[in-house]
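Student: Take a look at the following structure, please.
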Amino acid sequence: MARHKYRHTLSMDEYEFSHRIERTFLGIRSLVTRNSDALDFHNVSVWQVESALVT
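Using my numbering, the first residue of the sequence shown is number 87, and each one after it goes up by one.
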């Protein structure tokens, strides 16, 4: 069976919103894949994510 990758394209508003959350609340520079575990994986707690989404 063939595997399919589904990729959701964000609108500019969604992109700006997610970028603001990752920088401001989570302290993540970028969510772009950089092919390095040290750069691609982040230690973020559930309550940090919850706080970022509720704020």
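Don't be surprised by glycine CBs; every beta carbon is placed ideally from N, CA and C.
Does DSSP put Phe127 in a helix, in a strand, or in coil?
Tutor: The answer is coil: DSSP assigns Phe127 none of H, G, I, E or B.
Student: Let me make sure I understand the geometry here. Which of Ile114, Val132, Trp133 and Ser131 has the alpha-carbon closest to that of Ala124?
Tutor: That would be Ile114, whose Cα lies nearest to the Cα of Ala124.
Student: Starting from Leu139, trace the alpha helix (DSSP H) both ways and give me its first and last residue.
Tutor: Where Leu139 is concerned, the enclosing alpha helix (DSSP H) stretches over Val132 to Val140.
Student: For the alpha helix (DSSP H) that Glu108 lies in, which residues bound it at each end?
Tutor: Per DSSP, Glu108 belongs to no alpha helix (DSSP H) and is neither H nor E.
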